[in-house]
Amino acid sequence: MNFLELVRKRYSLRKYAPRPVGRAALERCIEAARLAPSACNSQPWRFIVVESTELRERLAETAFSGIYKMNQFACRAPVLVVMIRETSGYAARLGGTLRGVPYSLIDLGIAGEHFALQAAEEGLGTCWLGWFNERAVKNILGLNRRTRVDILFSVGHPEEGADLPEKKRKAAAEMCEYR
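Residues 0 to 178 (numbering that gives the first Met the number 0) make up the sequence shown, in order.
This is the structure in structure tokens:
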């Protein structure tokens, strides 16, 4: 499949089959993220792949309860991936401060999408989750309170019979101009 076909295939999966995800596929997703470019090669990310059923269930139940309940579909995913923002290198932080651009968040977005695109290549579905109880996630995983958990991914195989949803996007002419 070519790149545009892969991009068209990737979507936010919310209905997961009750099948485990192979470790080799997860490792290829992590490798794709590892190879992502970042400002001044800072690589300000770390991943925790939660595949243990007991830990994943505890994590999902607390991360997606209360005001975060809209993302409870992620409780049915066989894998949750926690994306942690690390401190960028000095040059990237300085440049980001001078420009008023948080480069580390851009870097996480690039690495996260590399992960998601590789998952699609593997026949897996993902969903980016930014609305969750960060304090509970850090508590369950034993992370320092200053650790930044910016994104969770739910990962799994699509439910049987799931159709690829139609992407509703602006026309290219609405979001691009040539000069």
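Glycine included, each C-beta is placed from N, C-alpha and C at the ideal position.
What you are looking at is a predicted structure, and each value in this text was computed from that prediction instead of being measured.
| Query | Result |
| --- | --- |
| Where S11 sits in the DSSP three-state scheme | strand |
| Residue burial classification, I66 (beta-carbon count within 10 angstroms, cutoff 16) | exposed |
| For P157, the residue or residues it bridges with in DSSP | Y15 |
| Contact set for I139: own chain, Cβ-Cβ below 7 angstroms, skip 5 residues either direction | R57, L58 and T61 |
| Collapsed DSSP secondary structure at D162 in the structure displayed | coil |
| Top-ranked residue by Cα proximity to D149, from M0, P43 and G21 | P43 |
| Backbone secondary structure at L142 - three-state DSSP | coil |
| Simplified DSSP assignment, three categories, for M0 | coil |
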